[in-house]
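If you're matching positions, the sequence shown starts at 197 in this note's numbering and goes up one per residue.
The block underneath contains the structure these notes are about, expressed in structure tokens.
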Amino acid sequence: MSNAIELAGVTKRFAKQVAVDNLDLNVPTGSIYGFIGPNGSGKTTTLRMILRIFQPDHGSVTVLGAAHGKTADDRLGYLPEERGLYKRMRVGALLTYYARLKGNYNCRQHLQEWLARLDASDWVNMRIDTLSKGMAQKIQFIAAVAGDPQLVILDEPFSGLDPVNMEALRDAVKLLRDRGNTVIFSTHDMEMAEKLCDTIFMIHRGRKVLDGTIDAIKSQYPANRLRVRFADPHRQLPDLPQVMSSDRQGRDFHLTLEDTSQAQPVLNALMRQGELHHFEIIKPSLHDIFIEIAKPSAEELAA
Numbered sequence: 197m198s199n200a201i202e203l204a205g206v207t208k209r210f211a212k213q214v215a216v217d218n219l220d221l222n223v224p225t226g227s228i229y230g231f232i233g234p235n236g237s238g239k240t241t242t243l244r245m246i247l248r249i250f251q252p253d254h255g256s257v258t259v260l261g262a263a264h265g266k267t268a269d270d271r272l273g274y275l276p277e278e279r280g281l282y283k284r285m286r287v288g289a290l291l292t293y294y295a296r297l298k299g300n301y302n303c304r305q306h307l308q309e310w311l312a313r314l315d316a317s318d319w320v321n322m323r324i325d326t327l328s329k330g331m332a333q334k335i336q337f338i339a340a341v342a343g344d345p346q347l348v349i350l351d352e353p354f355s356g357l358d359p360v361n362m363e364a365l366r367d368a369v370k371l372l373r374d375r376g377n378t379v380i381f382s383t384h385d386m387e388m389a390e391k392l393c394d395t396i397f398m399i400h401r402g403r404k405v406l407d408g409t410i411d412a413i414k415s416q417y418p419a420n421r422l423r424v425r426f427a428d429p430h431r432q433l434p435d436l437p438q439v440m441s442s443d444r445q446g447r448d449f450h451l452t453l454e455d456t457s458q459a460q461p462v463l464n465a466l467m468r469q470g471e472l473h474h475f476e477i478i479k480p481s482l483h484d485i486f487i488e489i490a491k492p493s494a495e496e497l498a499a
């Protein structure tokens with residue numbers, strides 16, 4: 197299969213509210229595919245249709261080659277945003293239970309490998325309710341992959357993790373991809389999405405507004421911002437006709453230009469003011485693009 201998931205003309209309503217509106221989507225097999233979008237955008241509804249929890253009102257949802265299926269599909273692993281572990285069970289027994297639910301009865305070696313990879317081998321006999329939040333998050337991740345699924349859906353997997361555990365879990369997600377698994381990764385952390393995902397999909401008000409690689413998405417937005425630092429920390433930014441707006445952050449000035457062609461004239465003008473220690477054209481980050489799309493319009497703010 198070239199695509200693990202294909203959505204064609206998918207619409208989902210709840211009463212009069214259109215949650216997902218005529219959505220087309222292709223998730224390549226063996227990729228890390230990022231789902232982003234503000235709260236209420238239709239992201240969770242789309243994931244639940246892929247999981248067969250919801251059925252579309254119109255259109256088709258094809259998952260791993262099947263246009264129809266049950267909610268409990270052994271080929272899928274799911275880590276929900278609302279964590280769900282049986283608190284009085286011990287780690288080893290819980291993971292074995294989840295693996296067998298997914299049909300993976302000879303799971304001992306598979307689980308041992310994941311526990312070792314996430315530095316959790318010593319936790320096997322610990323009760324879930326004795327684990328820290330970061331430890332429980334790792335066990336929740338292993339539970340999602342315990343059945344050795346072809347498709348793994350991770351909803352905010354890094355929420356609340358410290359940097360060390362975040363890095364360990366990020367490496368685990370990359371390993372899934374390297375082994376040929378397909379990963380759908382839903383997050384509000386734009387920096388993590390930019391580092392981790394092969395392709396990004398953004399939904400806003402039920403409609404697809406972005407879909408492509410990070411480079412392809414960024415190429416659609418102008419690099420019209422500059423970061424400037426004078427050698428003299430007391431020097432102020434002069435008035436420049438090419439600059440639409442400016443903001444000082446510490447010793448750096450952040451400038452927004454009318455268009456990208458104005459960078460060289462601005463550099464020439466600043467050098468006449470004094471010595472520069474730093475001059476950088478800032479490419480738009482995924483965070484910047486997200487804010488630009490999701491921010492309320494002037495009409496909405498007025499209302």
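For glycine and all other residues, C-beta sits at the position ideal for the given N, C-alpha and C.
In the structure shown, H400 falls within a strand segment according to DSSP collapsed to helix, strand and coil. For G402 against V259, the beta-carbon gap comes to about 20 Å, at or over 8 Å, which does not count as contact. Counting of Cβ neighbours within 10 angstroms places P252 among the buried residues, the total reaching 16 or more. Taking the Cβ atoms as the reference, D220 lies roughly 7 Å from G205, within the contact range of under 8 Å. Between the stretch 296 to 303 and the stretch 324 to 341, the count of Cβ pairs shorter than 8 Å is below three; the stretches do not touch.
Per the coordinates, the alpha-carbon of Q438 lies some 21 Å from the alpha-carbon of H473. Counting along the chain, the unbroken alpha helix (DSSP H) around R373 starts and ends at P359 to D374. For H384, the closest alpha carbon among the candidates N199, N218, V223 and K239 is that of K239. Taken atom to atom, the span from the alpha-carbon of G233 to that of F397 is near 8 Å.
The continuous alpha helix (DSSP H) containing A289 extends over residues V287 to L297. Secondary structure in the stretch 205 to 270: the alpha helix (DSSP H) runs of 4 residues or longer, each lying completely within the stretch, are 239 to 246 in chain order. Our two residues, G408 and A364, have alpha carbons roughly 26 Å apart in a direct line.
Take G356, set aside five residues on each side of it, and the residues of its chain with a beta-carbon closer than 8 Å to its own are K329, G330 and Q333, in chain order. With contacts defined by Cβ atoms closer than 8 Å, A200 and T241 do not form a contacting pair. Taking all protein chains shown into account, N321 has fewer than 16 neighbouring C-beta atoms within 10 Å of its C-beta and is therefore exposed.
The C-beta separation of A419 from P480 comes to about 7 Å, placing the pair in contact by the 8 Å criterion. Here the alpha carbon of M285 sits roughly 6 Å from the alpha carbon of I324.
L433 and N464 have their C-alpha atoms some 13 Å from each other. Straight through space, the alpha carbons of R244 and L311 are spaced by roughly 28 Å. For I410, DSSP assigns no beta-bridge partner whatsoever. Pairing A342 with R296, the inter-Cα distance amounts to about 8 Å. Looking only at Q445, V405 and H400, the smallest Cα-Cα distance to L422 is reached by Q445.
Looking at I477, D443 and M467, the one whose alpha-carbon comes closest to that of S457 is I477.
In this structure, D269 is the residue among E277, Q308, D269 and Y282 with its C-alpha nearest to the C-alpha of K298. Counting along the chain, Q445 sits inside the beta strand (DSSP E) bounded by residues V439 to Q445. At a Cβ-Cβ threshold of 8 Å, V405 and I228 do not count as neighbours. When secondary structure is reduced to three states using DSSP, A459 falls in the helix class.
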